[in-house]
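All remarks here apply to the structure that follows.
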Amino acid sequence: SQQGEEDPQALSIQEGENATMNCSYKTSINNLQWYRQNSGRGLVHLILIRSNEREKHSGRLRVTLDTSKKSSSLLITASRAADTASYFCATGLIQGAQKLVFGQGTRLTINP
Amino acid sequence: EAGVVQSPRYKIIEKKQPVAFWCNPISGHNTLYWYLQNLGQGPELLIRYENEEAVDDSQLPKDRFSAERLKGVDSTLKIQPAELGDSAVYLCASSLEASEETQYFGPGTRLLVL
């Protein structure tokens, strides 16, 4: 079963605009991660935010985490055509070992 | 540094046939994962290995699925016999150790069962 629900399921914007994707989850977590998957390819790790952090930046990516609402958002600024991909949030729970549970993903399309 | 390698990339078989997928993790990573990804969904864990030991196989359908990682390096996932509903992408991932937060994924094997 999948932990997270992502919103929207699909997003289409113009190049240069910002893209925001949201993720909600159900149980306690140690960290939350975002992965990108290009069509027909594997997942690439983008960014990780721990449960005691509220915001994190990496290049054009900004992630927020609200543990009281059990939600996270991923913002991609100044989008590029190459950002077209599916984006997945994954909640991490460490109980001896890290267990990742993925959401259903957001399909992002950047139009030139 | 080479990433996670999987083969084949694509496989088409008829139902009731056996099929096997191979994965070579990043060198030095002792934890290996097999995930199933259905179309339009996120990956779901099938099995996790720490070295050669399967430490979490609770989601692996053991009536038809099996996996091995004999020398604690590369791994094989097998389905026998395959069913139509097994059509999906099978992803392999690895991490340095089980407690590491980030996992590194291979490109996956796309299986189509006819």
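Protein sequence lines, in the order shown, are assigned to chains U and S. Each residue of the first sequence is one higher than the one before, counting from 91 in our numbering. Each residue of the second sequence is one higher than the one before, counting from 122 in our numbering. In this text, a Cβ means the ideal position worked out from N, Cα and C, and glycines have one as well.
With contacts defined by Cβ atoms closer than 8 Å, S/Arg-169 and S/Arg-231 do not form a contacting pair. Under the three-state reduction of DSSP, U/Asp-173 is assigned to helix.
The Cβ atoms of U/Glu-95 and U/Ser-169 lie no closer than 8 Å to each other. In the three-state reduction of the DSSP assignment, S/Asp-207 falls in the helix class. Residue-level contact check: S/Leu-233 does not touch chain U, since none of the beta carbons of chain U fall below 8 Å from its beta carbon.
The Cβ neighbour count for S/Ser-196, taken over all protein chains shown within 10 Å, is at least 16; the residue is labelled buried. If you compare the alpha carbons of U/Ile-119, U/Asn-128, U/Val-191, U/Leu-165 with that of U/Glu-143, the shortest gap goes to U/Ile-119. By the Cβ rule, the segment 138-156 of chain U does not count as touching the segment 183-190 of chain U, because fewer than three pairs are nearer than 8 Å. Nearest to S/Ile-200 by C-alpha distance, out of S/His-150, S/Val-125, S/Trp-155, is S/Trp-155. Put simply, the backbone Cα of S/Ala-188 is about 4 Å away from that of S/Leu-198. For S/Pro-202, same chain residues with a beta-carbon under 8 Å away, outside a window of 5 residues either side, are Lys-136, Lys-137, Gln-138, Pro-139, Arg-185 in chain order. S/Val-234 is a Cβ neighbour of S/Glu-204, given a cutoff of 8 Å. S/Leu-166 and U/Gln-104 have their alpha carbons spaced roughly 35 Å apart. Between U/Gly-195 and U/Ser-176 the beta-carbon gap is near 5 Å, inside 8 Å, which marks them as a contact. Under DSSP, S/Thr-223 takes part in no beta bridge, so it has no partner. Identification of residues in the segment 158-173 of chain S having a C-beta nearer than 9 Å to some C-beta of chain U yields Gln-158, Gly-161, Gln-162, Gly-163, Pro-164, Glu-165, Leu-166, Arg-169, Glu-171, given in sequence order. Here the alpha carbons of S/Asn-145 and S/Val-194 stand approximately 7 Å from one another. For U/Glu-96, the uninterrupted beta strand (DSSP E) run begins and ends at 95-97, by DSSP.
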